[in-house]
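Accompanying notes for the structure given below.
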Amino acid sequence: MPFKQLALVAMAVFSLFFSGCSRIEDPWKGVQGQPRVLVTFPPLYSMVRQIAGDEAAVQCLCTTTGPHHYAFNVRDALLLKNADLFFSIGLTLDDHFVSRMLAADSRYQPKHVALGQALVAKNLCRINTGSHDHDEHEEGHDHQHGDMDPHVWLGARQAKAMAQEIAVHLAELTPGKKEQYEANARAFGERMDALQKRGREELKTKMENRLISFHGALAYMADTFALQIVDTIQINPGAEPDAHRLATLIDKCVKENVRVLAVEPQYPTTSASKLILEELKRKGVNARMVEIDPLETARINELSGSWYEEKMAANLKALMEALP
């Protein structure tokens, strides 16, 4: 098909897409006198609620579906069209749908801030490019993040920095609330500092600080709590390791006496993690699984300002119970 015809088809599709918005009730209906803030996924929702309090209306795109597999719809387009501010992570975590949403209709766009990309370099971890290179491509999966690990919300230091950035942009919308936002961001940061301090002190009492992660999401959490991620079960979520990879993981656990495998509630216990655990026990390694939530999804009825901090504390508790 000639380029001009392709362009006309694309315009027609987008026209139909946005004409559908007029038949859907405005998801911001009833919001008056408050900034309307849209976020991509639960940790950002929770952080914005903590900083803004009741001074902003906040809505979340990805709740029960994580950002890796999210596809936006007509209601999301209306949320974006009528929002005042739009927060994402960036670093290619949510860019695959954010860029499409922003490109779909450039006439109606809120200010967009990619909070992960706004972090200074010292707050970012590079993706491991060793034997379990997170950039490795597996057919049918798209979980590449460029050079920098995008899972920044799992780090206390990074969450603190993002909260400060959120306060800056909220204050641009409502300058009269600037001091309130800054105070809330400081309080949030102090709680993050306290969580990191408590976690390191508690985990220091453990004989081991090493574990195998489910997928490459835990680098920032490991940095926060002084843990060591020895290797990763799945390079891409949903892509089970082959026999050679399984053998490598098992051999590494045996040789280095790694006894904890981290799994995620978003992905039921996989056959790979079960096989690794069974084989380790057969070889005399008393290994166990621990459920660590990467906080990429949330139940709708659980989503709140306190959700993020509660989940981070729950992850710390799970680590304390699992590590020998």
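Start counting the sequence shown at 3; every next residue gets the next number (the working numbering).
Note that CB positions come from ideal geometry on N, CA and C, so glycine has one too.
Could you tell me which residues DSSP pairs with residue i in its beta bridges?
i, result
"Met-291", "Leu-263"
"Thr-234", "Ser-215"
"Ser-90", "Ala-116"
"Arg-128", "Met-150"
Please look up how many angstroms separate the CB atoms of residue i and residue j, rounded, as I've assumed it's under 8 Å.
i, j, result
"Val-154", "Gly-191", "About 15 Å separates the two Cβ atoms, so there is no contact after all."
"Met-49", "Tyr-222", "Rounded, the Cβ-Cβ distance is 15 Å, inconsistent with contact."
"Leu-2", "Gly-201", "Absent from the model: residue 2. The displayed extent of the chain is 3 to 326, so no value can be given."
"Thr-65", "Ala-300", "6 Å"
"Asp-195", "Ala-158", "7 Å"
"Leu-279", "Ala-219", "Actually they are not in contact, since the Cβ atoms of Leu-279 and Ala-219 sit about 20 Å apart, beyond 8 Å."
Got a sec, what are the start and stop residues for the alpha helix (DSSP H) residue i sits in?
i, result
"Cys-62", "Where Cys-62 is concerned, there is no enclosing alpha helix (DSSP H), although the beta strand (DSSP E) it sits in stretches over 59-62."
"Phe-99", "97-106"
"His-171", "158-175"
"His-253", "For the record, residue 253 in the displayed sequence is Asp; it is not His. It spans 245-258 - the alpha helix (DSSP H) in which Asp-253 sits, taken as one unbroken run."
"Ala-185", "180-205"
"Ile-53", "44-54"
"Leu-80", "76-83"
"Thr-226", "221-227"
"Met-322", "309-324"
"Glu-242", "No alpha helix (DSSP H) holds Glu-242; DSSP gives it neither H nor E."
"Ser-273", "273-284"
Looking at residue j and residue i, is the spacing between their C-beta atoms short of 8 Å?
i, j, result
"Pro-296", "Glu-323", "no"
"Val-287", "Arg-261", "yes"
"Ala-116", "Ser-90", "yes"
"Leu-63", "Leu-80", "no"
"Val-76", "Ile-26", "yes"
"Ala-274", "Lys-283", "no"
"Pro-69", "Phe-88", "no"
"Ala-320", "Glu-293", "yes"
"Cys-127", "Asp-225", "yes"
"Asn-84", "Arg-51", "no"
"Leu-305", "Tyr-110", "no"
"Leu-197", "Gln-160", "no"
"Ala-187", "Ile-302", "no"
"Leu-229", "Leu-213", "yes"
"His-171", "Lys-113", "yes"
"Ile-129", "Met-103", "no"
"Phe-216", "Tyr-269", "yes"
"Ala-327", "Asn-125", "The structure shown does not extend to residue 327, since the chain is modelled only from 3 through 326, so no value can be given for it."
"Glu-242", "Thr-207", "no"
"Asp-86", "Leu-175", "yes"
"Lys-180", "Ala-173", "yes"
Start and end of the beta strand (DSSP E) containing residue i?
i, result
"Leu-40", "38-41"
Let me check you understand the geometry: is the CB of residue i closer than 7 Å to at least one non-hydrogen atom of the ligand ATP?
i, result
"Lys-113", "The model depicted lacks the ligand ATP and carries no ligand whatsoever."
Answer yes or no: does any C-beta atom of chain E fall closer than 8 Å to that of residue i?
i, result
"Val-100", "In the displayed structure, chain E is absent; only one protein chain is listed."
For the pair the region 79-97 and the region 220-237, tell me if three or more CB-CB distances fall below 8 Å. no
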